[in-house]
Structure formats: structure tokens, C-alpha cells
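>
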Amino acid sequence: MAFCDLHVHSTFSDGTDTPKQLIALAQTQKLQAIALTDHNTVAGLPEFLKAAAGSGVCAIAGTEFSTDYEGTELHILGLFLKPEDYAPITALLEDYKLRKEQSNLDLVDKLCRAGYQIDYQHIKDSTPEGQVNRALIGAELTRLSYTESIQDAFKQLLSPKCGYYVPPQRFSPFEIIRFIKSLGAVAVLAHPFLNLQEEPLCRFLKEAVACGLDGMEVLYSTYSQETTALAKQVADDFGLLHSGGSDYHGKNKPHIQMGVGQGDLAIPCRLMTALGERAKKYKKSWKVL
394 MAFCDLHVHS TFSDGTDTPK QLIALAQTQK LQAIALTDHN TVAGLPEFLK AAAGSGVCAI
454 AGTEFSTDYE GTELHILGLF LKPEDYAPIT ALLEDYKLRK EQSNLDLVDK LCRAGYQIDY
514 QHIKDSTPEG QVNRALIGAE LTRLSYTESI QDAFKQLLSP KCGYYVPPQR FSPFEIIRFI
574 KSLGAVAVLA HPFLNLQEEP LCRFLKEAVA CGLDGMEVLY STYSQETTAL AKQVADDFGL
634 LHSGGSDYHG KNKPHIQMGV GQGDLAIPCR LMTALGERAK KYKKSWKVL
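Numbering of the sequence shown is given in this note's numbering, commencing with residue 394 and proceeding in unit increments.
#1: Using only the alpha-carbon positions, how far apart do Thr411 and Thr404 sit?
#2: Note down, in chain order, each residue of its chain lying with its Cβ closer than 8 Å to the Cβ of Leu664, except the 5 sequence neighbours on either side.
#3: Would you decide whether Lys443 is buried or exposed? Buried here means 16 or more other CB atoms lie within 10 Å of its CB.
#4: So Pro566 packs on Leu668, CB below 8 Å; how close in whole Å?
#5: Would you mind giving the Cβ-Cβ distance between Ile469 and Thr460, rounded to the nearest angstrom? I have them listed as a contact below 8 Å.
#6: Could you compute how far the alpha carbon of Pro560 sits from the alpha carbon of Ala528?
#7: When the Cα of Met394 is compared with those of Ala659, Leu582, Ile516 and Val653, which residue comes out closest?
#8: Where does Asp607 fall in DSSP's three states?
#9: Can you check DSSP and say which residues form a bridge with Phe396?
#10: Can you check which of these residues, Leu576, Gln414 and Leu504, is closest to Tyr557 by C-alpha distance?
#11: Counting only C-beta atoms, is Pro561 closer than 8 Å to chain B at any point?
#12: If we ignore side chains and look at the alpha-carbon of each, how far apart do Asp407 and Val525 end up?
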């Protein structure tokens with residue numbers, strides 16, 4: 394059986410591998426396809442597609458949008474993007490990036506005043522291709538031995554509950570779903586059970602499906618067998634296509650590996666094919682490999 398990974402990150406957001414390195418790793422992992430889904434950017438996609446040419450790896454162009462649903466952060470993947478989609482996506486995200494930058498600056502300022510001496514410009518300079526987010530700030534806190542890991546940094550300092558971080562104003566997920574569909578791309582809800590319990594998830598999906606949501610990640614690195622089974626059932630109840638991804642970030646999430654997650658993840662290519670057929674229906678120029 395052939396396998397894929399429909400959710401990976403590069404240095405253009407908060408991953409530590411370049412798009413070219415991601416393709417090389419996919420070859421090593423014997424994956425037939427991977428989707429680059431950097432947070433709120435499409436800047437790495439040209440390099441990603443170029444690196445995939447002739448590699449034997451099907452490169453799926455995507456992005457991961459940060460949205461807000463009733464005070465909870467939800468991520469919506471746009472998959473099977475085309476080059477002509479990059480400009481409208483970049484334009485849409487421009488104001489959000491400014492808000493995100495200010496949120497980062499405010500976070501670092503509060504941390505510094507609390508005694509955590511971190512240099513925001515150093516973080517920016519160390520990720521010249523990417524955009525700064527909390528994962529990169531957490532990596533710097535860990536490098537300086539203020540926290541034991543990025544996960545520890547989120548628990549101790551970077552969660553909104555800790556008092557240092559105020560999230561930037563985000564898009565509505567329904568607005569983003571409609572936008573993705575206006576491009577003729579496929580909209581997928583990422584890792585729903587990281588943020589929502591079953592009841593609010595079903596309430597969200599009722600409206601999201603009406604807006605055109607196509608699929609939901611039911612295979613994910615940190616899901617237990619029970620959570621995976623529940624995700625599949627919920628997706629089926631709402632008529633959603635199944636998707637799956639490792640959410641690979643390289644060294645920023647060292648416990649997660651491309652394609653296999655924590656070791657027991659396997660995403661069959663039939664999921665990619667079904668999502669690709671949906672994209673083909675929307676945009677006839679897309680070819681499912």
C-alpha cells in the first residue's frame with residue numbers, strides 16, 4: 394500500500410526543514426505524496442514544487458489558516474492550491490501578519506519584563522525564511538534553558554492562560570472555508586480534537602459543512618485509537634472526506650516524524666486521491682497523480 398502525509402511544515406513557518414529537504418525526506422520515508430501546509434503563508438510553495446519535480450514525490454500545495462471559533466483557535470487547511478491562488482491568499486493574510494507581529498512583540502516584551510531575557514530580533518534573524526510564532530519563541534526559551542522543551546514553554550509561559558500572550562484577532566473559520574472554496578481548493582479541518590470536545594465540534598461542523606468544508610483530519614500523530622475511531626465516525630456523520638497528517642515540524646517537534654508521527658501513523662494514498670478528486674471537480678486543471 395502507498396502512503397502519504399497531508400500536513401507538514403517547513404522553514405517558511407515554524408518547521409526546521411526547507412521545502413527541498415522535505416521532499417528528500419519524503420523520498421527516504423518512501424511516501425508517495427506530501428502536502429506543505431505552512432502556517433498562514435504560501436511563500437515556500439514555489440521552492441517545494443520545484444524540488445518535487447522529477448523526484449517521484451507528488452507535491453500538494455497547501456497552507457494552514459489560523460482561525461477563531463468562539464474563543465478557540467481552529468486551523469483550516471487549504472489543499473490543492475494552484476499558483477494563481479498565491480496572490481489572493483497573500484493579500485488576505487497581509488493584515489493578519491501585521492497583527493501577529495504585534496502580538497509577538499507584546500509577548501516578548503512581557504516575558505522580558507518578567508525576567509526572561511530573550512531577543513526578538515535574534516529569533517527573526519535565525520528564521521530568515523519564516524515568520525515568528527509562539528513555537529519559535531518557545532524554541533528560544535528552551536535554547537536559553539528557561540524551559541525544558543517547546544511543549545513545556547507552552548504550558549508554563551505561552552498559553553493565553555499564563556497572562557503573557559494575547560492572541561491576534563483571527564479570521565472566522567467559516568470566512569476561511571468560503572475563501573478556500575472560492576479558489577476552487579479543498580478545505581480540511583486540521584486536528585479537531587486538539588482543540589474541541591465532541592459536542593462543540595459537532596456544533597461547529599454543522600455550520601462548517603454548510604459553508605463548504607470538504608474534509609477533516611481523522612489520522613493524526615497524537616491521536617489514540619479511540620480518538621481516531623471517534624474522528625472517523627464524526628467525519629462520516631457529517632459526510633466529510635477523511636484526511637490525515639503528521640503535523641511534522643522537524644526539530645521543533647522532535648517526537649513527530651514525517652509520515653509516521655510517533656511511530657504508528659500510516660496515511661493511505663486513497664485519502665489523498667479522494668481529496669484530489671474533489672479538487673479536480675472544483676478545478677479541472679488539477680491532475681490527481
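Cβ atoms here follow ideal geometry from the backbone N, Cα and C, with glycine treated the same way.
Considering the structure as presented:
#1: The straight-line gap from Cα to Cα measures roughly 5 Å.
#2: Once the five neighbours on either side are set aside, the close Cβ partners of Leu664 are Cys397, Leu399, Leu612, Leu634, His635, Ser636 and Gly637.
#3: Label assigned to Lys443: exposed.
#4: Between Pro566 and Leu668 a beta carbon distance of about 18 Å is seen, past the 8 Å cut, so the two are scored as non-contacting.
#5: The Cβ separation is near 6 Å, so the contact holds.
#6: Straight across, the Cα-Cα distance linking Pro560 with Ala528 is about 14 Å.
#7: Here the closest residue by C-alpha is Ala659.
#8: In the structure shown, Asp607 adopts coil according to DSSP, grouped into three states.
#9: Under DSSP, the beta-bridge partners assigned to Phe396 are Pro661.
#10: The residue from Leu576, Gln414 and Leu504 with its alpha-carbon nearest to that of Tyr557 is Leu504.
#11: Looking at the structure shown, chain B is missing, and only one protein chain is on hand.
#12: Take the alpha-carbon of Asp407 and the one of Val525: they are about 7 Å apart.
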